[in-house]
Amino acid sequence: MKHFDNVEKFFTLFSDELYHTGRYLRRRQGVMPGAVVQQMFAMGYRSFPIITLITFLVGVTISLTSASQLRLFGADVYLADLIGLAMIKELVPLMTGIMMAGKIGASITAEIATMKVMDEIDALRTMGVVPEKFLMVPRLIAITLCVPLLVVLADVVGLAGGVLVGRLSLGIPPLVFLKEVFRVVAVSDFLLGIGKTMVFGWAVVVGSGYKGFFISRGAEEVGTATTDSVVLSIALIIGLDCVFAFVLN
Amino acid sequence: MEIIRVRGLSVGYGGTPVLEHLDFDILPGRVTVIVGESGSGKSTLLKTLIGLLPPLAGAVVLDGRPIDFNSEEDLRNLYARIGVLFQNSALLNSLSLYENIALPLRIHRPDQAPAEEAKRVAEMLGRVGLQGSEKKFPYELSGGMRKRAAVARAMVLDPEIVFCDEPSAGLDPITATGLDALLKDLCKAHGMTFVVVTHELRSIERIADRILLLRDGAVRFHGGLGDLDKTKDPYVKAFFLRTANHDH
Chain A
14 MKHFDNVEKF FTLFSDELYH TGRYLRRRQG VMPGAVVQQM FAMGYRSFPI
64 ITLITFLVGV TISLTSASQL RLFGADVYLA DLIGLAMIKE LVPLMTGIMM
114 AGKIGASITA EIATMKVMDE IDALRTMGVV PEKFLMVPRL IAITLCVPLL
164 VVLADVVGLA GGVLVGRLSL GIPPLVFLKE VFRVVAVSDF LLGIGKTMVF
214 GWAVVVGSGY KGFFISRGAE EVGTATTDSV VLSIALIIGL DCVFAFVLN
Chain B
82 MEIIRVRGLS VGYGGTPVLE HLDFDILPGR VTVIVGESGS GKSTLLKTLI
132 GLLPPLAGAV VLDGRPIDFN SEEDLRNLYA RIGVLFQNSA LLNSLSLYEN
182 IALPLRIHRP DQAPAEEAKR VAEMLGRVGL QGSEKKFPYE LSGGMRKRAA
232 VARAMVLDPE IVFCDEPSAG LDPITATGLD ALLKDLCKAH GMTFVVVTHE
282 LRSIERIADR ILLLRDGAVR FHGGLGDLDK TKDPYVKAFF LRTANHDH
């Protein structure tokens, strides 16, 4: 029964956020001026080093693992096809989503849960502020604006990992590698990657907000809520990725 | 004529009442202090009065009209007329003092010019003795300064009623005395109504016009400070004597 309550609370918060975001975009009220830019800095600028590092390493690892097998069949150049499609359609969205869960989701939960423990959420309510709007709408807008930039960077760096391994391990010239990538990867694949990551980003923000808003009082629960939010966000990302795989294939 | 009338009010959590069948009035322009032992339901009652906890039964009547705690409009109307000072100040740590104090203005008076807003914030900071601290963040202030900043935020809209939850909790005696004096001065100067939850007798003596004592889920005493001497209720006498002994 408790699980049903939690699911209901999650979807109530999710629908509230859709409503508040739509209302804010029309009226531009109920959110602190400059909050979106501040959140873009916190989410985008601070996340991009770890996201680029991880996608580069994933690009290198997948390339190294695949290269030895492809070489056996004399299919060296197909490394570009494999890396291009895998990174742009699947691995970059998934890894970016998981990094967002750890970096952005955890900080959202910790901040909101601490605010709740310190009565700041109640204080906002008694000022006539809707905390679910005031705190979440700037984050949702910021993640929507940041995701395309993060995905482009991650795609470039992930492919760079493939190019590096292709050159060093199989002797594929970078230009040949990239030409092959552009041959097999369509613009729609690239846009799909951005779209998927954006959905993962929204899931991270709403899932983390849910974990922050619905803690019962107590500072000791902030830590638990923060780790739970990362687990929830990753579960949501993988679940959504599965849904995308079913629908798109 | 009362500003808030409470009739048959039961409050609690998850359907379990903490306080039941409360009847009392809050008089305008006075400081009403809610007292009671730990766990007597003081803060729970305050939460209901400030619209954060819907009552289990009964009514809170503001200006002759019961507040519908499920109505956004009623709650918005309530929040436009009250200020709240929380026990741990509850200033937003991510905002400067200026932004903290300007926040209620930006919500309730979105068309106010920035210059007017700045003037009002400076005036409020001046009133609580924090002039020139606009750019500071809450974590840069002492506990007493945070409380005073929270008073400035609670009063920036010139509310009719200010609710305070344990205003002197966690403060040293000198700072607590200063804060009590500030609340009393603001009450006198602006004719505001204060509802204060506290358990510190010295604070009660300094600020209270009226006292509401809670015990066993009900109101045990409600009256002016002078009425305390006339009461024959042994618990009420013992409570204040005990609190006084504990305080001294």
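Chains A and B supply the protein sequences, listed in that same order.
At position 178 of the first sequence the residue is numbered 191 (my numbering), and the sequence of numbers has no breaks.
At position 211 of the second sequence the residue is numbered 292 (my numbering), and the sequence of numbers has no breaks.
Even for Gly, the Cβ is constructed at its ideal location relative to N, Cα and C.
A quick note: this is a predicted structure, and the numbers were derived from the prediction, not measured.
Taking one C-beta from the segment 223-242 of chain B and one from the segment 192-212 of chain B each time, how about it: are there three or more such pairs within less than 8 angstroms?
yes
Within chain B, the residues that Arg138 (chain A) reaches when beta carbons sit closer than 7 angstroms:
Within the first sequence, residue 138 (chain A) is the residue found at index 125, counting from 1. Chain B residues near Arg138 (chain A): Leu133.
Using the Cα positions of Leu137 (chain B) and Ser91 (chain B), report the straight-line distance between them to the nearest angstrom.
To locate residue 137 (chain B), count along the second sequence from 1; it is residue 56. To locate residue 91 (chain B), count along the second sequence from 1; it is residue 10. Looking at the two C-alpha atoms, the distance is approximately 5 angstroms.
Going along chain B, which residues have a C-beta under 9 angstroms from Met149 (chain A)?
As a working mapping, residue 149 (chain A) is identified with position 136 in the first sequence. Within 9 angstroms Cβ-Cβ: nothing; Met149 (chain A) doesn't reach chain B, min ~14 angstroms.
Under 9 angstroms, Cβ to Cβ, is there at least one residue of chain B near Gly43 (chain A)?
Counting from 1 along the first sequence, the entry for residue 43 (chain A) is found at position 30. True, the Cβ-Cβ gap to chain B drops below 9 angstroms.
Could one say the Cβ of Ile285 (chain B) lies closer than 9 angstroms to chain A's Cβ atoms, at least one of them?
Within the second sequence, residue 285 (chain B) is the residue found at index 204, counting from 1. Chain A contact via Cβ: absent.
Outcome for Ile156 (chain A) when other beta-carbon atoms lying within 10 angstroms are tallied against a minimum of 16:
By 1-based counting over the first sequence, the position of residue 156 (chain A) is 143. Its Cβ being crowded by 16 or more others within 10 Å, Ile156 (chain A) is buried.
Quick one: does Met131 (chain A) have its CB under 9 angstroms from some CB of chain B?
Reading the first sequence from its first residue, position 118 is the one you call residue 131 (chain A). Yes, Met131 (chain A) lies at the interface with chain B (some Cβ there is under 9 angstroms from its Cβ).
May I ask you to list the residues that DSSP assigns as paired with Pro98 (chain B)?
Here residue 98 (chain B) refers to the residue found at position 17 of the second sequence. Paired residues: B:Gly93.
May I have the straight-line CA-CA distance separating Phe23 (chain A) from Gly214 (chain A), to the nearest angstrom?
Stepping through the first sequence from its first residue, residue 23 (chain A) is reached at position 10. Stepping through the first sequence from its first residue, residue 214 (chain A) is reached at position 201. Computed Cα separation, rounded: 16 angstroms.
For chain B, check one thing: does any of its Cβ atoms lie closer than 9 angstroms to the Cβ of Gly141 (chain A)?
The residue given as residue 141 (chain A) occupies position 128 in the first sequence. Judged by the 9 angstroms Cβ criterion, Gly141 (chain A) is in contact with chain B.
Helix, strand or coil for Arg86 (chain B), going by three-state DSSP, please let me know.
The count along the second sequence starts at 1 and reaches residue 86 (chain B) at position 5. Of the three classes helix, strand and coil, the one that applies to Arg86 (chain B) here is strand, per DSSP.
With DSSP collapsed to three states, give me the class of Ala299 (chain B).
In the second sequence, residue 299 (chain B) corresponds to position 218, counting from 1. In this structure, Ala299 (chain B) counts as strand in the three-state DSSP scheme.
Terminal residues of the alpha helix (DSSP H) in which Thr274 (chain B) lies
Taking the second sequence and counting its residues from 1, the one referred to as residue 274 (chain B) is at position 193. From DSSP, Thr274 (chain B) is part of no alpha helix (DSSP H) but of the beta strand (DSSP E) over 274-278.
What does the alpha-carbon distance come out to for the pair Leu181 (chain A) and Met100 (chain A)?
Counted from its first residue, the first sequence places residue 181 (chain A) at position 168. Counted from its first residue, the first sequence places residue 100 (chain A) at position 87. Distance between the alpha carbons of Leu181 (chain A) and Met100 (chain A): 19 angstroms.
Straight-line Cα distance separating Leu249 (chain A) from Ala216 (chain A):
Indexing the first sequence from 1 puts residue 216 (chain A) at position 203. Indexing the first sequence from 1 puts residue 249 (chain A) at position 236. Approximately 7 angstroms, taken between the alpha carbons.
Assign Tyr223 (chain A) to buried or exposed, taking buried as 16 or more other Cβ atoms, counted over all protein chains shown, within 10 Å of its Cβ.
As a working note, residue 223 (chain A) is residue 210 in the first sequence. Buried is the call here.
When DSSP labels each residue in this structure, what does Ser113 (chain B) get in the three-state scheme?
If you number the second sequence from 1, residue 113 (chain B) lands on position 32. Correcting the residue identity first, residue 113 (chain B) is Thr in this sequence and not Ser. If DSSP states are grouped into helix, strand and coil, Thr113 (chain B) belongs with the strands.
Report the residues of the segment 80-103 of chain A with a CB closer than 9 angstroms to any CB of chain B, ordered along the chain.
none
CB contact check: Met56 (chain A) to chain B, cutoff 9 angstroms
Start at 1 with the first residue of the first sequence, and residue 56 (chain A) comes out as number 43. No, its Cβ sits nowhere closer than 9 angstroms to a Cβ of chain B.
Going along chain B, which residues have a C-beta under 7 angstroms from Asp18 (chain A)?
Position 5 of the first sequence, counted from the first residue, corresponds to residue 18 (chain A). Those within 7 angstroms of Asp18 (chain A) in chain B number zero; the least Cβ separation is about 12 angstroms.
Between Met128 (chain A) and chain B, is any beta-carbon pair separated by less than 9 angstroms?
In the first sequence, residue 128 (chain A) corresponds to position 115, counting from 1. Yes - at least one Cβ of chain B is within 9 angstroms of the one on Met128 (chain A).
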